[in-house]
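Trainee:
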Amino acid sequence: MKIGIIGATGMAGSAFVIEGYQRGHQVTAITRSASKVTRMFGNEIPALERQNFELTREDLTQFDVIVVASTFSRASDHPRFAEYLHDQLAGTDAPIVVFVVGSSTLQMPDGSVMADRLGLMRGQAPWIEVAIEQAAELNYLKTVDDFAWMAISPQQAFMPGPATPTYLKSDDALIFNNRQESRVTTGTLAKALYDELANPTQPTFTVALLPPISFNN
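Note that the sequence shown covers residues 283 to 499 in my numbering.
1. Does DSSP put residue 441 in a helix, in a strand, or in coil?
2. Residue 331 lies in the beta strand (DSSP E); which residues open and close that run?
3. Hey, how far is the Cα of residue 499 from the Cα of residue 461?
4. Could you please give me the residues that DSSP links to residue 432 through a beta bridge?
5. Under three-state DSSP, which class holds residue 395?
6. Can you look up residue 387 in the DSSP assignment and give me helix, strand or coil?
7. Can residue 430 and residue 420 be called in contact, C-beta distance under 7 Å?
8. Between the stretch 441-456 and the stretch 368-384, can you find at least three pairs of beta-carbon atoms closer than 8 Å?
9. Leaving aside the five residues before and after residue 290 along the sequence, list all residues of the same chain whose C-beta is less than 7 Å from its C-beta, in chain order.
10. Near residue 284, what residues of its chain come up, given a Cβ to Cβ distance below 6 Å and the 5 sequence neighbours on each side ignored?
11. Please report the straight-line C-alpha distance between residue 478 and residue 489, rounded to a whole angstrom.
12. Taking only three categories from DSSP, how would you classify residue 292?
13. Under three-state DSSP, which class holds residue 357?
14. Taking DSSP as the reference, what is the three-state secondary structure of residue 311?
15. Compute the Euclidean distance between the alpha carbons of residue 466 and residue 371, then round it to the nearest angstrom.
16. For residue 422 versus residue 357, is the C-beta spacing smaller than 7 Å?
17. What are the start and end residues of the alpha helix (DSSP H) that includes residue 448?
18. So is residue 424 buried or exposed if we call it buried at 16+ other beta carbons inside 10 Å?
19. Cα separation between residue 428 and residue 472?
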């Protein structure tokens, strides 16, 4: 597949680049800085140098899959960029656009959604605003059906690290291991995404580490 990664030099995006390349896909980094892509990945990964909100329909439709792993300086740009991509791609069957949304979109054990709880703390910290806007991003996507999209969520703790051999999967719930930890590595999230692209089963999903592990040993 031809896969474009928006935010390819970030923590999550770089894991998607590496996993896709290792699986033999044609991966392109969609980035504000082509030189940074070269520094990170060498010449193996081509770069399409664009600002996010300057991407055109022609830019996007050359790919089979677009992965949105961007961070934004303004939290409200998360849903705004989803709307922008919808405007560019409405009426198309390809590419599939995969949005990496936050764990705020997931259900707590009591059935409530984490973003609703965070809404009570709005304004207390910048990360809370990002989490709330990522939930708004997913809520917006659920209202449109004229372009192909998927959403993948990390767990509460999202950390750099390699893929684990196995993982737990859910459509929209926090997952806790036997230590009551809700966590996943960048490598495992990337592995799960490409597994899903190879055999699509659901439009929204999340994964977690199956065993509690440490990368400090």
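Each residue gets a CB set at the ideal place from its N, CA and C atoms; glycine is no exception.
Mentor: According to the data block:
1. Counted from its first residue, the sequence shown places residue 441 at position 159. Looking at residue 441 - three-state DSSP - the assignment turns out to be strand.
2. Here residue 331 refers to the residue found at position 49 when the sequence shown is read from its first residue. Start and end: 329-331.
3. As a first step, residue 499 is located in the sequence shown; it is residue number 217 there, counting from the start. As a first step, residue 461 is located in the sequence shown; it is residue number 179 there, counting from the start. Low confidence applies to residue 499: its pLDDT is 33, below 50, so where it sits in the model is not reliable enough to give any reading.
4. The residue labelled residue 432 in the question sits at position 150 within the sequence shown. Paired residues: 380.
5. As a first step, residue 395 must be located in the sequence shown, where it is residue number 113. Strand, per DSSP.
6. Here residue 387 refers to the residue found at position 105 when the sequence shown is read from its first residue. Here residue 387 sits in helix by DSSP.
7. For this step, residue 430 is matched to residue 148 along the sequence shown. For this step, residue 420 is matched to residue 138 along the sequence shown. Against a cut-off of 7 Å, the Cβ pair of residue 420 and residue 430 comes out as no contact.
8. no
9. Here residue 290 refers to the residue found at position 8 of the sequence shown. Cβ within range, chain order: 296, 299, 311, 312, 313 and 319.
10. Position 2 of the sequence shown, counted from the start, is the residue given in the question as residue 284. Excluding sequence neighbours, residue 284 sits near 308, 345 and 346.
11. Here residue 478 corresponds to residue number 196 of the sequence shown, with the count starting at 1. Here residue 489 corresponds to residue number 207 of the sequence shown, with the count starting at 1. For residue 478 and residue 489, the distance between alpha carbons rounds to 11 Å.
12. For the purposes of this step, residue 292 is taken as the residue at position 10 of the sequence shown. Three-state DSSP puts residue 292 in coil, outside helix and strand.
13. For the purposes of this step, residue 357 is identified with residue 75 of the sequence shown, where counting begins at 1. Here residue 357 sits in coil by DSSP.
14. Here residue 311 refers to the residue found at position 29 of the sequence shown. Three-state DSSP puts residue 311 in a strand.
15. The residue given as residue 466 occupies position 184 in the sequence shown. The residue given as residue 371 occupies position 89 in the sequence shown. Each residue's Cα considered, the two are about 31 Å apart.
16. Locating residue 422 in the sequence shown gives position 140, counting from the first residue. Locating residue 357 in the sequence shown gives position 75, counting from the first residue. No, Cβ-Cβ distance for residue 422 and residue 357 is not below 7 Å.
17. In the sequence shown, counting from the first residue as 1, residue 448 sits at position 166. No alpha helix (DSSP H) contains residue 448, which DSSP labels as neither H nor E.
18. Stepping through the sequence shown from its first residue, residue 424 is reached at position 142. Result: exposed.
19. The residue given as residue 428 occupies position 146 in the sequence shown. The residue given as residue 472 occupies position 190 in the sequence shown. Their backbone Cα atoms lie some 26 Å apart in a straight line.
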